[in-house]
Structure formats: structure tokens, C-alpha cells
Ligand code: NAD
Ligand code: WQD
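Residue numbers (UniProt numbering): 1 to 338.
Have a look at this one:
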């Protein structure tokens, strides 16, 4: 029996493939490579000594998906495939709804045809919008999202709920990630954004390696300990292990379960910058800029439910996150473009 990983060549997907292979799962990857390189899977193979089956397939292509389900006995799906750039989603919302929402519906239809009823879904803390308080618990209101990307995640969550209500054979884990950062400690796989990074950690890493001039700190007048925005950064390897923990519950559980995957600790932009300076042992230039539209002051998880029900807890520190990002960035300054 195999686990199908959609989007498995991407950032979080490749780290999850690696952990699944190390835990002796058979892994099948489907990825159209629109935001990744097949090299990430070659590196996973050299780290684990095991080759995941790979199909360069778009999840919206049902015939191609059917072929995958015919050729492998798929037990469960971990569904990462999708577009994820918040700013871009406001420019081309239909592409986001097509990829993230229609793509998921097509995947579910093919799963139903093959009677595969287990799916772990990559959702996001963005579904909480601007929370009324922190830390954020899973039962906080959702749906007040401010961009099409976030709305696509919220819509898929609703689709999964309705699907599970219609037929009790379905089992869904909805994982709301906080801010995934870091890289595998080998330095061989990591985040490889195309163009100028939108997210904080890859931006700082590219300043550190000399590809970008300085960090722009978006706002220093938030009601936080130093005025810059606070987020819950979680090491990508902890996040990957959260998927394995969620998957295990599928063999004993039914219905829809929602988990926050975060550390429960908030760090500011300046905290992350200074932690990175320690990791790379140099001072990094930065400039305070106006707030970025749509940003919130602070966002961090209450991860107690995941610990209680999954027996999972993030253990890696901000120091681990910055050290591993620096190793990945300095050893692969051009990412997977060798
Ligand atoms: P990523 O872009 O590195 O990985 C997504 C992968 O999906 C890529 O390899 C891409 O080529 C593939 N893909 C996209 N559309 C596809 C399609 N139609 N068919 C087949 N493959 C397709 O992104 P990531 O950071 O690894 O994110 C993985 C998932 O987690 C995404 O669904 C994302 O929305 C979600 N998420 C990410 C973050 C984050 O900050 N990285 C936070 C919360 C949620
Ligand atoms: C973090 C902090 C910025 C860049 C986004 C998505 C969310 C999720 C994770 C997918 C904020 C500040 C950033 C920079 C800065 N993705 N910043 N200078 O906005 O918390 O979340 O990624 O689901 O949906 O919205 O992450 O890394 O962009 O920003 O000062 O160059 O860093 O203002 O306070 P964010 P981020």
C-alpha cells in the first residue's frame, strides 16, 4: 500500500516524502512542477536510499490521476499541490480557485472512484484572518480571509466538511500550518522560491547570501514587543512529522479533524533577523518600511490539540530554523538550479 503525495516535489512536500520514506512508507508523488524541480526528489532519494515513484502530472487531469491510482494501491493521500502566493492570488484569482479548489474536487472525485477515503490537507492559519486574540485555537472563527489564496483554503475546508457529512467513509485531517521555515539539516533540500521571495525567511536568507541588498521590515508600529509583526515560525521538518502523526490517526478514526500545526511561540520580524545574524555570523542590513497591506500584528497557535490527539509537538527552535535555512541557502545559493 502506498501514500500518494500531491505536490511532493515542493518545499513541504519534499520534506514530508523524506520522513515518510524514512518511516518505511511507499511513496508516490504527483507534481506538475509548476513551482518545483524534480531534483528535490533525487535529493530525497540520495538521503533515504529509496526512490519515490514520480508522475509529472497535474491534479486537474483526472485521466492522468486515474492512471496513478490504477498503477499503485493507494491507501491515503497527503494533498500539498496548489498555488500559494497571496499577492499573486489577488491578480489571478481564477487560477487560484481552479488550481486549489477545482484541483481538490477532481482529486476527491478520483479518490472516490477508487474508494480511497483518507486525505490529509494542507490548510493555513490564514483561514483565521485577523484573530480576536492569541494564541489561536482551532475553534476560533474562520472565513474572514482577505485574499483569494486564503479563501481557496477556506473553501476547500468547507468542501471537505460537506463531503464527510455526505458519506461517513471519508476521513480528513485538515492541518492549519502557521509559518513554515527552515530546511532539512543535511542542507540538501529546502525552500526554493522563484523570483524575489514574498516570505520573510527566504528573503532574509537571500540578503545573507548577498542576492538581495537589505531586508525591508514591514512596519515597526504594531502593538508587539518591538513593534514588528509577530508570527509562529515552525521548522519544516517538525511540520513534515506532523503529517505522519496525522496519517496514523486515519487507521483508527473517522470524520474531519482540524489541527493547528505551530509551536505556540511568537517571534517578531526583528527577532528572526537577529537570530539569522547569529546563524550566518554577520550583520544584515535592514530598513523599516510602512506596513504591508493585509498584514496583521500577531498570529501564533495554541498547538495543544495536536499534542493531545496526535501526540505531536514541534521541538525545533528558532535557532534550528535559522541555522538550517542558512546551511541550505549558503550551500545552494541558486536553490535547485544547480
Ligand atoms: P510549494 O509551491 O513548494 O509546493 C506545492 C507543490 O505543488 C509544487 O511542487 C507545485 O509544483 C505543485 N503543484 C501546484 N499546483 C499543482 C497542480 N495543479 N497539480 C500538481 N502539482 C501542483 O509550496 P509549499 O510551501 O510546499 O506548500 C505546500 C502546501 O502547503 C500548499 O497547498 C500551500 O498552500 C500550503 N501552505 C503553505 C504554507 C507556506 O508558508 N509554505 C503555509 C500554509 C499552507
Ligand atoms: C511574516 C512577517 C511581514 C517579508 C504568509 C501567508 C500565509 C502563509 C504563510 C500560506 C510579517 C514580515 C515579510 C519581508 C517583512 N502561507 N515581512 N519583510 O504574511 O505571516 O504569512 O505565509 O498559507 O497564508 O499570508 O508570512 O513570511 O510573508 O511574513 O517584514 O520582506 O514578516 O510583514 O510580519 P505571513 P511572511
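Note that beta-carbon positions come from the ideal geometry of N, C-alpha and C, so glycine has one too.
Here the stretch 65 to 81 makes contact with the stretch 38 to 57; the two share three or more CB pairs at distances below 8 Å. Distances taken from the Cβ of residue 9 to the heavy atoms of the ligand NAD include one shorter than 7 Å. Contact between residue 14 and residue 189 holds: CB atoms are separated by about 5 Å, below the 8 Å threshold. Residue 187 sits in coil when the DSSP states are folded into three classes, being neither helix nor strand. The Cβ-Cβ distance between residue 291 and residue 219 falls below 8 Å. Under DSSP, residue 141 shares a beta bridge with no residue. The three-state secondary structure of residue 176, taken from DSSP, is strand. Contact between residue 181 and residue 236 holds: their C-beta atoms lie close to 7 Å from each other, under 8 Å. Rounded to the nearest angstrom, the Cβ distance from residue 172 to residue 164 is 6 Å, consistent with a contact under 8 Å.
Residues lining the ligand WQD by the Cβ criterion, that is a Cβ closer than 7 Å to any of its heavy atoms, are 84, 86, 124, 125, 126, 149, 150, 153, 177, 179, 198, 199, 200, 201, 203, 215, 216, 217, 218, 219, 228, 229, 231, 269, 292, 295, 299 in chain order. For residue 75, the uninterrupted beta strand (DSSP E) run begins and ends at 74 to 79, by DSSP. In the DSSP assignment, residue 299 is bridged to 231. The C-beta of residue 115 has fewer than 16 other C-beta atoms within 10 Å across all chains shown, which makes the residue exposed. Under DSSP, residue 14 forms no beta bridge with any residue. Rounded to the nearest angstrom, the gap between the Cα atoms of residue 199 and residue 270 is 14 Å.
Residue 253 counts as exposed, since fewer than 16 other C-beta atoms from the protein chains shown sit within 10 angstroms of its C-beta. With a 10 Å radius around the Cβ and a threshold of 16 neighbouring Cβ atoms, residue 132 comes out exposed.
In the three-state reduction of the DSSP assignment, residue 129 falls in the coil class, being assigned neither a helical nor a strand state. For residue 59, the Cβ falls inside the 7 Å cut-off from some heavy atom of the ligand NAD.
Per the coordinates, the alpha-carbon of residue 315 lies some 14 Å from the alpha-carbon of residue 301.
The stretch 8 to 22 makes contact with the stretch 33 to 49, as at least three CB pairs between them are under 8 Å.
Contact check for residue 166 against residue 101 fails: the beta carbons are separated by 8 Å or more. DSSP, read as helix, strand or coil, puts residue 85 in coil.
Fewer than three pairs of CB atoms, one per stretch, sit closer than 8 Å, so the stretch 82 to 96 makes no contact with the stretch 41 to 49. In this structure, the ligand NAD has a non-hydrogen atom nearer than 7 Å to the beta-carbon of residue 6.
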